[in-house]
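Asker: Starting off with a structure, shown below.
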Amino acid sequence: MLLQEQSRLRLCVLTDFSPPRVQTLGAKAAAALDQELMSTCAFSIDQLMELAGLSVSQAGGDGLVAARHLYYYGYKPSIFYPKRSKNELFQRLVKQLEDLEVPFVDDFKTAMTSTDHVVDAIFGFSFSGEIREPFPAVIKALEETKLPVTSVDAPSSWDIEDGPARSGLGSSFMPTALVSLTAPKPLSRYFRGRHFVGGRFVSPSMAEKYAVDIPEYEGMDQVVEVSSAVEKL
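The sequence shown maps to residues 1 to 233 in the UniProt record's numbering.
Written as structure tokens, this is what we have:
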């Protein structure tokens, strides 16, 4: 997702602040927790995507939801979505953006020349294997850009456990900020930017079962900044 800022919107950077440390949640545990949120805790996938997208907009499908929230916050998002899903949920998210006249762009690199910020929501924490077309050029553009980039849950191309590739495509991609959903993933130990957690929907009982640290959220915030120094569960 590409963002243009309205002149009235500014980024507030906090100083003299020591973010708390939190533990990471591995891929299998994260998937299991998601399933429990939709079964034991009775969340629908629509609700979880909405909460995730709201977390991203304050700091795949989560990116589409975040774009809608950012539009209402006064930003001008545009969407690069080259492989559209036939899933009804995703089609409804696209329709909501089309009704707001949020543009969908075909040329990612060209679109970056007229944007202020990139939200990277290409791959989720379950990504593994080869990066297929048309995404190699997108990852390369993210590596080379001087624009600030916020990655959702996992910087695209990173391995959930081992972080960025040691060489080749994606090896030099280091986003400006990372928004971990529910809890940080093991790859966050390789991350060197500003790190936020958006998980203000995990019940105390679920947090205890999966040994997830619930950080203290301020006011009505849906995200909280945490230290990039994390411990793996």
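Even glycine gets a Cβ: it sits at the ideal position worked out from N, Cα and C.
Just so it is clear, the structure is predicted and the values come from calculations on it, not from any experiment.
Indicate whether the contact test is met: 3 or more Cβ pairs, each with one atom in the stretch 154-166 and one in the stretch 126-140, closer than 8 Å.
Answerer: Because the criterion of three Cβ pairs below 8 Å is met, the stretch 154-166 and the stretch 126-140 touch.
Asker: Spatial neighbours of Val118 within its chain, please: CB distance less than 8 Å, with the 5 preceding and 5 following residues excluded, ordered by chain position.
Answerer: Translated into positions along the sequence shown, residue 118 becomes position 118. Hits under 8 Å: Met1, Leu2, Leu3, Met112, Leu142, Thr145, Leu147, Pro148, Val149, Thr150.
Asker: Which whole-angstrom value is the C-beta distance of Val226 and Val197, which I expect to be below 8 Å?
Answerer: By one-based count along the sequence shown, residue 226 stands at place 226. By one-based count along the sequence shown, residue 197 stands at place 197. Yes, Val226 and Val197 are in contact; Cβ-Cβ is about 5 Å, under 8 Å.
Asker: Residue range of the beta strand (DSSP E) that Pro77 falls in?
Answerer: For the purposes of this step, residue 77 is identified with residue 77 of the sequence shown, where counting begins at 1. Segment 76-80, the beta strand (DSSP E) holding Pro77.
Asker: Could you tell me the distance, in whole angstroms, from the CA atom of Phe203 to the CA atom of Thr110?
Answerer: For this step, residue 203 is matched to residue 203 along the sequence shown. For this step, residue 110 is matched to residue 110 along the sequence shown. Sequence check: residue 203 is Ser here, not Phe. Roughly 43 Å between the two C-alpha positions.
Asker: Helix, strand or coil for Val226, going by three-state DSSP, please let me know.
Answerer: Counting from one through the sequence shown, the residue named residue 226 turns up at place 226. Looking at Val226 - three-state DSSP - the assignment turns out to be strand.
Asker: If Leu37 and Met206 are in contact, beta carbons under 8 Å, what's the gap, nearest whole angstrom?
Answerer: Counting from 1 along the sequence shown, the entry for residue 37 is found at position 37. Counting from 1 along the sequence shown, the entry for residue 206 is found at position 206. Going by Cβ atoms, the distance from Leu37 to Met206 rounds to 7 Å, so yes, they are a contact pair.
Asker: Ala67 to Phe80, Cα distance in whole Å?
Answerer: In the sequence shown, counting from the first residue as 1, residue 67 sits at position 67. In the sequence shown, counting from the first residue as 1, residue 80 sits at position 80. Spanning the two alpha carbons is a distance of roughly 11 Å.
Asker: Tell me Ser180's beta-bridge partners as DSSP assigns them.
Answerer: By 1-based counting over the sequence shown, the position of residue 180 is 180. According to DSSP, which records beta bridges pairwise, Ser180 is partnered with Val197.
Asker: Would you tell me roughly how many angstroms separate the C-alpha atoms of Ser172 and Lys83, rounded to the nearest one?
Answerer: The sequence position of residue 172 within the sequence shown is 172, counting from 1. The sequence position of residue 83 within the sequence shown is 83, counting from 1. Taking the straight line joining both Cα atoms gives about 25 Å.
Asker: Please work out which residues of its chain come closer than 6 Å, Cβ to Cβ, to Leu93, disregarding the five sequence neighbours upstream and downstream, and give them in chain order.
Answerer: The residue labelled residue 93 in the question sits at position 93 within the sequence shown. Counting only Cβ-Cβ distances below 6 Å, and skipping sequence neighbours, we find Leu64.
Asker: With a cut-off of 8 Å on the beta carbons, I'd call Lys185 and Phe125 a contact; round off their distance for me.
Answerer: Here residue 185 corresponds to residue number 185 of the sequence shown, with the count starting at 1. Here residue 125 corresponds to residue number 125 of the sequence shown, with the count starting at 1. 5 Å between Cβ atoms; contact.
Asker: By DSSP's criteria, Asp159 is part of a beta bridge. Which residues make up the other side?
Answerer: Within the sequence shown, the letter at position 159 stands for residue 159. BP columns for Asp159 point to Gly163.
Asker: Pull up the distance between the alpha-carbon of Ala177 and that of Glu218, whole angstroms please.
Answerer: Sequence index remark: in the sequence shown, residue 177 carries index 177 (1-based). Sequence index remark: in the sequence shown, residue 218 carries index 218 (1-based). Roughly 19 Å between the two C-alpha positions.
Asker: Opposite Asp120 in the DSSP bridges: which residues?
Answerer: Counting from 1 along the sequence shown, the entry for residue 120 is found at position 120. DSSP, once it has assigned bridges, lists Ser151 as partnering Asp120.
Asker: Of all the options Leu97, Phe104, Ser188, which has the alpha carbon lying nearest to the alpha carbon of Pro175?
Answerer: Locating residue 175 in the sequence shown gives position 175, counting from the first residue. Closest by alpha carbon: Ser188.
Asker: Suppose you measure from the CA of Ser57 to the CA of Asp106; what does that come to, to the nearest Å?
Answerer: Locating residue 57 in the sequence shown gives position 57, counting from the first residue. Locating residue 106 in the sequence shown gives position 106, counting from the first residue. Note that Ser57 scores 46 on pLDDT, short of 50, meaning its location in the model is unreliable; the coordinates nonetheless yield the value given after this. Taking the straight line from one Cα to the other gives about 22 Å.
Asker: Since Pro204 is in the alpha helix (DSSP H), which residue starts that stretch and which ends it?
Answerer: To locate residue 204, count along the sequence shown from 1; it is residue 204. Pro204 -> alpha helix (DSSP H) spans 204-209.
Asker: Taking the Cβ atom as the reference point for each residue, do Ala199 and Ala211 lie within a distance shorter than 8 Å?
Answerer: Walking along the sequence shown from the start, residue 199 turns up at place 199. Walking along the sequence shown from the start, residue 211 turns up at place 211. It should be noted that the sequence gives Gly, not Ala, for residue 199. Result no, Cβ atoms of Gly199 and Ala211 do not sit closer than 8 Å.
Asker: Output needed for Val102: all residues of its chain with C-beta closer than 8 Å, excluding positions within five of it in sequence on either side, in chain order.
Answerer: Mapped onto the sequence shown, residue 102 falls at position 102. Ala67, Arg68, Tyr71, Pro77, Ser78, Ile79, listed in sequence order.
Asker: In three-state terms, what does DSSP make of Phe108?
Answerer: Position 108 of the sequence shown holds residue 108. The answer is helix: DSSP assigns Phe108 an H, G or I state.
Asker: Shortest alpha-carbon distance to Glu50 belongs to which of Gly26, Leu33, Ser85, Leu89?
Answerer: As a first step, residue 50 must be located in the sequence shown, where it is residue number 50. When only C-alpha atoms are compared, the closest one is Leu89.
Asker: When the Cα atoms are used, what is the spatial distance from Gly168 to Phe123?
Answerer: Within the sequence shown, residue 168 is the residue found at index 168, counting from 1. Within the sequence shown, residue 123 is the residue found at index 123, counting from 1. Rounded to whole angstroms, Gly168 to Phe123 spans 18 Å at the Cα level.
Asker: Under 8 Å Cβ to Cβ from Ala160, same chain only, skipping five residues before and after it: list those, please.
Answerer: Reading the sequence shown from its first residue, position 160 is the one you call residue 160. First, the amino acid is wrong: residue 160 is Ile here, not Ala. Here the set comprises Gly26, Ala27, Phe125, Ser126, Phe127, Ser128, Ala154, Lys185, Pro186, Leu187.
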